[in-house]
Structures are given as structure tokens and as C-alpha cells.
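First to last, the sequence lines map onto chains A and B. The first sequence begins at 41 in our numbering and counts up one residue at a time. The second sequence begins at -7 in our numbering and counts up one residue at a time.
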Amino acid sequence: MYFYQDPQFGERMITLMAAFVLVLQIAMVAQRWLVTNIRVFAAQSFLLASIAGTIAYYNHAPHIYIAAAMTFAVKVVFLPILMERLVAKIEIRQEIEPLINVPLSVLISGGLTMVGYVVAESFYHPEAGTTPATLGHNTLAVAISLFLIGFFMMINRRKALTQVLALLSLENGLFLAAISLTYGMPLIVEVGVFFDVLVATMVMGILVYRISETFDSMDVSKLRRLRG
Amino acid sequence: MVLAALLVIPLLAAVAAFVARRRVEMEWINLVAAVLTLTFAVVLAGSTLQSGSVSAWGGLLYADALSALVVLLVSIVYAACAVYAVGYFRDDETNGVFDEDSDGVPAVDRLRKYYSLTPLFVCLMLLVPLSNNLGIMWVAIEGTTLASVFLVTFYGRPNSLEAAWKYAMIGGVGLSMGLFGTVLTYYSASLVMGTETLVGLNWSVLVTKAAQFDKTTMRLAFIFILMGYGTKAGIAPMHTWKPDVYSEAPVPVAAMLAAALLNCALYGLLRFFILTSRCLGPEFASQLLIIFGLLSMAVAVPFILVQKSFRRLLAYSSIDHGGIMVLGLAFGGPLGALGMLLHMTFHSITKPLLFFCAGNVQQHLKTDQFRQAKGGLIHAMPITGAVFLLTTLAVTGSPPFSLFQSEFTILRAAFDGHHILPAVLFVGFLVMIFAGFLIHIARLVLGEDPGTPHAQISDWKKYSLIGLGAVVVILGFWLPAPLFALVQSAARIVREVH
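Here is the structure:
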């Protein structure tokens, strides 16, 4: 038996990759440049696809391979290319300008990670033994932290495109939660969700483009005419 | 067969309208599709009344009385809007709305956007109640947002871009919470049913085993679902996109969002409410819903009282009605679900009419501000003015109109369940909203003639107004027995404990 066939090894690999996913999420909070942000997102999605692939290999679940392949095609290749083109096309200033400064944002993200761990703890019943998902609750904790930090990024950012990125990374957290809790949703649901994410990003991309043309800016804090 | 037809017809209409060349063709495609959809919806309602539930495509599509009711309401709203839209957009064209911002897009191409996206939007709205799988239902609800974003930006004004952006972002964040709730439900169910089963999220399977689900997870799942689908339904405090979108979208789109999409979002909430109450008992979900329902009504009150624009007024009315329906569900008991579903039915028929009246006024005066409208509209637009006043009375729940009956049923459910304080607040909010609404609309419609020229209203608009107005009046006195039977058996699905 080779060392990589040992399920223990697989579990450690998954935990390691999940940790990197979290690190990349916090890197995204700390990042100042838009294009780098898109690439960090692509790297994070790549790790996510690898996690899905690893789970599929060790659990002999072929349908997760499909989810992994879709993650790779959509979130690692297609969407980052689409967004980088958009950035080039609208020639905006490349800096992100968060509302809360970077050190404090990173601190808040750390706090949210702790909340993620506390919530994940409530799902962990080692004594029950019936749980199909024996994946470490570490992965789930990372998923919930990703979700929470994604929310925080949405509030913390002014530029329309960075909000879309935050929404996508939040969605990454959901994907991780789904595969760590239940080894993914039924395939047809998974396909539907991917299709929605793809279309949603394109729709928002078009909106971002038209907003930047109409308002000469991507700063959504300028969108404040409708009140009351 | 019926289930597939309901989805295929609007989809085909979307494709056909996309390749159509002339405006008249697009209009007729839409009208025919609306009539066919309505026919099949009635057939579906009939067969669920007879046989309980229908399924197709290997259990992927499923309909019981609850789904059939929502399908029927969506198709009624679609049909009403299809008729009104013809007149509305023709008047827009005569008024030169499409020439003003000369960004080189011909009117036909703009109309093509409307006539091809609307059937697609309807197709996705129908998929929500027809899908058996709760994951597919989520996909469909998210799809409705995506299909309608570009309907909101129809006029291409900066304000409509702003509204569409809020709609897409708030909807996107909200629905991601809904997805998380769905994942958690799947997890909580997988402890009973095992993973890797294709039916693991199928409603027809889940509902029979809900009592055995993991309770901690289900509790968390319902909170996420409430936030998620609550955002889509515009329940406070996730309602902020509604006034912007309802005032910037073209009137037929706004009417469909307010009267049809609201039902779909509440339908999603209902399905999970049923699972949660079977799993945890009714108290947990009810308490949450009472808080959010009362909050929605409370938020609507001040904004209705001081509102400056009549289009935004309608949006706050929609937030208020969302709150009323949620409250009906929360009060429970034998009457709660019945009151909620009756309210949903009556609201779906009355609300579009209110939007049509507001649309007529806005097209004639070229403004949606009360101050610029000056009042005395009854002189310039006798039919619209009269119907506007009548619908205002209907929508604020004054007797003898039908919404009074459903609100009264909900109130009785509250007293039956000994929710005294919520019941008192409920009545208080209703009275304040009634007063605010009536003052605004009475000032707009009645009064001396300010000398605005007499309005030329196209026949399509006029007949959709009179036709739907007649239905609203008749419903106040006579509810057809089959419709009531459908509502009753839908309410039984909500209440029944296995």
C-alpha cells in the first residue's frame, strides 16, 4: 500500500488545504489591489477543487469529481478571466479602498474565524457515531469562517466588482460546507448551483460595467439617490 | 404532462419572442403563452384536487394542492400583466419614452428584452412550486432574480441601475443564506436517510421523515432559510431593495415582482416551515415568524404615512402584506394557514390592479411624486381614478373586499392561539396603514380639477383595468367553491402532522 492510499493521509491533506483556503481568504481581506484579489480568489477556488477531488478519491464518490471539475472550470479559469477583462475594460483605479483599514479588518476576520470554530463545534458529535461525515470539524469551521468573512468583505468594500468577489468567496464557503458536511449535494442540485453562480457573475459583471459607464465610477457609495 | 407543459410553454414563448421581428408578434406570443399557462394551471389545480398529488419526470417535478395554488396565482398575475403590458408599452412608445435617451437602441430591441425575459422569469417562478427537490427550488428562486435584473434596468436610467444593483446584491447575499440553510437541512436529514441518495432533498420524501431529523441543525437551518427566503420576500429588515426596485421597474414587471414572486419566496419559506415544525414542534418557527412579521408591518407604517411617491407607496404596502402573510403562518392553529393562503390568493389578484392604476397615472403625468401630481385626477382620468380609489380600499383590507376576510381570519387565528399582544399590534398597524394609504390616494384622486388634459388610455390598459377590477369586486362577495377547496386543501398540507 502506498502512503497516499492511507485515508489518514487524505484527511490530513484536506485539513491542510482547508487551512490554506482560510489563509487565502484573510489575504483577500488584507489585499489592496483588485487584480491580485481576483488571482487570490482563483487560487482559493483551485484549493477548493483539490479538496473536492481528494474527498472524491478517498470516498470513491465519482459525483464529487464532477463537482471538482466544475469548480475548476468555472471558478478557477472562466470567472477570473472574465473579471480581469472587465477590470482592463473599464480602466478603473486599481486600489480597493476598504471602509475599515487593513489591520483592523484582519483582526475582525480573526474574530470571525473564532466564531466559525465555535459554531462548528456544535455539529461535532463524536460519541453519536452515526454521522456520515467523518471529515474533521476543522473543515466545517473553515467553511463557516469563509462564509462570515465573505459577509464582512461585502460590507467593508465600496467598489462594485470587489463586492462581487466577496459574494463569490462567500459562495466558496458554502461549497466547502456542503462537501465537508455531506460530501456534496445531489449532483443535479450541484450542477444547478454552479449554473446560477456562473450566470449571476455574468449578470453582475454587466451591471458593474454599466454602472461604471453611467456614474464614471464603480464606487457603490455613489449609488444613493433612491431613499425613503 | 401538465407539469412539463407548464414549464415548457413559457420557455418556448421566451425563445419565440427572442427571434420575433415585429412588436405585434412578440405581444401575441406573450398573450398566447399567458393564456395557455393559465389553462394548464387550472387543469393542474383540478387534478390535485382530485388525486392529491401529481408527479412527473421520475419524481423531479411534484405538485400538491399547495404548489397548484401558487402555480395558479403566478399564472393569473402573468395573464393580467401580459394584457396590461401591451397597452403600457404602446403608450410608452407614443409618449416617446424610448427616444428620449438616444443610446441608439431601437424600441423593438428594448421590447424584445421585455417580451423574452418575462416568459423566462415566469418559467422559473413556476419551477419553484413544481420542483420536488428543495435544492432545485433554491436554484429556481435564484434564477428568478437573475432573469428579472435586466427587466428592472429596462429604462436604462441611472436610478434603475442603482435599483438593479441593490436587487442583485441583496438578493445574492440573502439567497446564499438560503442555500446554506438548504445544505444544513440536507445534512440534518442525511443523518436519517444517508447521503449519496438522489432523493435526499426531495420534499415528498423529507416530509415523511421530518420528525427524526437532527434538531440542533434543523434549528440553525430554519434561521438561515428565514433570512434567505425572507430577503426574497422582502420581510423586514431585509426589505430595503423593494421600494427601489418596485419604483424603477416598468409597471408590468413591478406588478409581477410584487404579486407573483412574493408568493414564490413565501412558498419556499412555507416548505421549510412545515419541515421545521414537524421536526421541532411549531413554537420555535412561529415565534421567529411573529417577530419578523410584526417588524415588517411596523417598518411599513412610517414610510407609508410620509411617502412622497406613489410607486414607492405600493412597495411599502407589499412589505406590509408580506408581514401579514408571515403572521398568519406564525399564528398557526386551524385558521392560521388558511388565513395566510387566502390572503396570498386575494393579494395576488388585487395587487396587480393597484400597480396598473399607478402605472396609468404615472404615464399620464410623467411623474410618480404626489406633490407634482396636484390631485383631482378623477377629472382627467375618470376610469383609472375610480378604480384606483376602489383598489386602495380593497388592498388596505376594508370590508366588503376580500382582503378584509383574510385579515379577519388571521386575526381570529391570533386570538385562538392566545397571541394577544401580536394581535393588538396587528390591528393597530393595519389601521395606521389604512389611514395613511387612504389619505394619500384620496388626495391624489379626488379634489378640484387642476386642469390637466384628459388622458388618452389605450384599450388594452382600459380593459385589463376594468376586467381585473370586476374580479376584485366579485371576489369580495363570492369566492368560487373550487378555489376555496384548493386553498383549504393547501392549508391542510401546512397543518397536517404525520
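Just so it is clear, CB atoms sit at the ideal spot from N, CA and C, and this is done for glycine as well.
9 angstroms Cβ cutoff, residue i in contact with chain B
| i | result |
| --- | --- |
| A/T202 | no |
| A/A181 | no |
| A/A173 | Low confidence applies to A/A173: its pLDDT is 46, below 50, so where it sits in the model is not reliable enough to give any reading. |
| A/F81 | no |
| A/G232 | yes |
| A/D236 | yes |
| A/G169 | Summary for A/G169: the model assigns pLDDT 49, below 50, so the residue's position carries little reliability, and this model does not support an answer. |
| A/A211 | This sequence places Glu at residue 211 of chain A; Ala is not what is there. Yes - at least one Cβ of chain B is within 9 angstroms of the one on A/E211. |
| A/T111 | no |
| A/P226 | yes |
| A/A108 | no |
Residue-chain proximity (residue i, chain A), Cβ-Cβ < 9 angstroms
| i | result |
| --- | --- |
| B/G226 | no |
| B/D236 | yes |
| B/F276 | no |
| B/V89 | no |
| B/I128 | yes |
| B/T209 | yes |
| B/G192 | yes |
| B/N255 | no |
| B/P150 | yes |
| B/L218 | no |
| B/W157 | yes |
| B/F142 | yes |
| B/L23 | no |
| B/A290 | no |
In DSSP terms, what residue i is bridged to
| i | result |
| --- | --- |
| B/Q361 | B/S301 |
| B/Y54 | B/S47 |
| A/K199 | A/D259 |
| B/S123 | B/L53 |
| B/N194 | B/N125 |
Cβ pair residue i, residue j closer than 9 angstroms
| i | j | result |
| --- | --- | --- |
| B/F239 | B/A247 | The identity of residue 239 of chain B in the sequence shown is Ser, whereas the question assumes Phe. Their beta carbons are not under 9 angstroms apart, which means B/S239 does not touch B/A247 by this criterion. |
| A/G213 | A/A240 | no |
| B/L118 | B/L(-1) | yes |
| B/G320 | B/S398 | yes |
| A/T222 | A/A181 | no |
| B/L280 | B/A322 | yes |
| B/A290 | B/L417 | yes |
| B/V120 | B/A132 | yes |
| B/G351 | B/V437 | no |
| B/V114 | B/P2 | yes |
| A/A113 | A/A96 | no |
| A/L207 | A/I136 | no |
| B/G499 | B/M161 | Missing from the structure shown is residue 499 of chain B; chain B here goes from -7 to 490 and no further. |
| B/A6 | B/T110 | yes |
| A/I251 | B/W233 | no |
| B/Q299 | B/H411 | no |
| B/A277 | B/A228 | no |
| B/G468 | B/A386 | yes |
| B/T145 | B/L153 | yes |
| B/M210 | B/T174 | no |
| B/S180 | B/C271 | yes |
| B/A250 | B/P150 | no |
| B/G222 | B/A252 | no |
| B/T40 | B/L478 | yes |
| B/I375 | B/I466 | no |
Minimum Cβ-Cβ distance from residue i to chain D less than 9 angstroms
| i | result |
| --- | --- |
| A/V260 | The displayed structure is made up of protein chains A and B, and chain D is not among them. |
Item to check | alpha helix (DSSP H) runs contained entirely in the stretch 371 to 396 of chain B, provided each spans 4 or more residues | outcome: 374 to 387
Checklist entry - What are the residues of the stretch 170 to 181 of chain B that lie near chain A, defined by any Cβ-Cβ distance shorter than 7 angstroms? => result L171, F172, V175, Y178, Y179
Item to check | chain A contacts from the stretch 9 to 20 of chain B (Cβ-Cβ distance under 9 angstroms) | outcome: none
Next on the checklist: Residues of the stretch 115 to 127 of chain B in Cβ contact with chain A at a cutoff of 8 angstroms, in chain order, please.
Outcome noted: N125, G127
Checklist entry - Quick one, which residues of the stretch 361 to 374 of chain B are near chain A if we go by CB-CB under 9 angstroms, in chain order? => result none
Checklist entry - In chain order, which beta strand (DSSP E) runs of at least 3 residues are fully inside the stretch 237 to 285 of chain B? => result none
Checklist entry - Quick one, which residues of the stretch 240 to 253 of chain A are near chain B if we go by CB-CB under 7 angstroms, in chain order? => result A240, V243, M244, L247, R250, I251
Next on the checklist: Give me the subset of the stretch 187 to 201 of chain A whose CB atoms are less than 9 angstroms from a CB atom of chain B, sorted by chain position.
Outcome noted: F187, G190, F191, M194, A200
Checklist entry - Which ranges would you report for the alpha helix (DSSP H) in the stretch 99 to 157 of chain A if only whole runs of at least 4 residues count? => result 102 to 111, 119 to 130
Item to check | Chain-ordered residues of the stretch 120 to 152 of chain A with a beta carbon less than 8 angstroms from chain B | outcome: none
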